[in-house]
Amino acid sequence: MLRSFFFCLMALALASIGTTAVAASLCDPPKAPQTRTAKTLARNLIPYLPDQSCIEINREEALFSGFNYFDLTVRWKDQQGERSQQVIEISDGRYVLGQALDLTDRSDVIAEAKARFAPALEIPLSAEDLAAGNPNASTVVVAFGDYDCGYCAQAYEFLHGKAGNTVAFYTKDFVLFPNSLVQAKVVLAAKRAGVQDIHAVKSGMYSKSMARMTPQQATQAALEAVPAAEREKVKAYLDQHDGQISATIQESTHFARAQGWSGTPVVVINGRVVPGGFNQDVISEMLK
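Residues -23 to -1, 1 to 265 in mature numbering (1 follows the signal peptide of the UniProt record, and there is no 0) are what the sequence shown lists, from first letter to last.
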């Protein structure tokens, strides 16, 4: 049904480029893309996914003006074995919509579609993603953020304060800028090197602006967020394990981009994306 809408935030244009080699044997053949739109979307998504990926279509529903709701599973294999992640997209094959507004009633048709069709988003989490709270809590909050993002800093502190016995707070990197990758690498290196007060490191990292720095300057500045007595240990760990650390951050960023997200922060509560990014009122209501 043709509806009046305009694009908000971003309509991500996926260029029609050739498909890389995929591990098709990992995917269930009956779930291979069947419709023209699904085939086009799969072809255009592949370059944004981990190497040797294949795509299953779990559900496809027509929405408006040639755009469909897609529930996808991306499968690939790496050093850890066979991997998979769920992806929800609103797409016509070329464009992925993050938000669209119906001007007749000002409703968000994308949010409505995801609420109507989407199962809870399954986010791969590990113990090192836990920022605060009880890992066995019934409420799980996940914040995807970039260190060069003021709202991400506010969201981090706000959500850290909400964590407790009934709320587990996890953080995932969604790197948007080159030096943000440097910051994320130092934080993860500090965590893996055994620095105890990672909350202080993260808070200190959010206070640093590195957009105009060279990578070398950014690394030095980022290390200043680590307690002085532990900087050399963290630097040595980062130098030795840079590839593994970068791969972890890249995987998290891949996941975020595969959802069609283009900005930070993104807050997810029990598998449901909070509308409007960092909205304290909505978050507080969802946490009741």
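Positions of the beta carbon are idealized from the N, C-alpha and C atoms, including for glycine.
Our two residues, residue 49 and residue 180, have alpha carbons roughly 35 Å apart in a direct line. Using a Cβ distance threshold of 8 Å, residue 66 and residue 3 do not count as a contacting pair. With a minimum length of 3 residues, the unbroken runs of beta strand (DSSP E) contained wholly in the segment 2 to 62 fall at 31 to 41 and 44 to 55. The beta-bridge partner set that DSSP reports for residue 122 consists of 150. Under the 10 Å beta carbon count, residue 200 is surrounded by 16 or more other beta carbons and is classified as buried.
Counting only residues of its own chain and dropping the five nearest sequence neighbours on each side, residue 252 has a CB closer than 6 Å to the CB of 88.
Contact between residue 106 and residue 152 is absent: CB atoms are separated by about 15 Å, not below the 8 Å threshold.
Residues of the same chain with a CB within less than 6 Å of the CB of residue 246, apart from the 5 flanking positions on each side, are 118 and 263 in chain order. The Cβ atoms of residue 30 and residue 64 do not sit closer than 8 Å to each other. For residue 249, the beta-bridge partners assigned by DSSP are 246.
As a beta-bridge residue in DSSP terms, residue 68 pairs with 45 and 73. Only residues of its own chain outside the window of five on either side were considered, and among them 122, 123, 126, 129 and 151 have a CB closer than 6 Å to the CB of residue 241, listed in chain order.
With a cutoff of 8 Å on beta-carbon distance, residue 178 and residue 164 are scored as near each other. Counting along the chain, residue 136 sits inside the alpha helix (DSSP H) bounded by residues 127 to 139. Rounded to whole angstroms, the gap between the alpha carbons of residue 131 and residue 39 is 37 Å.
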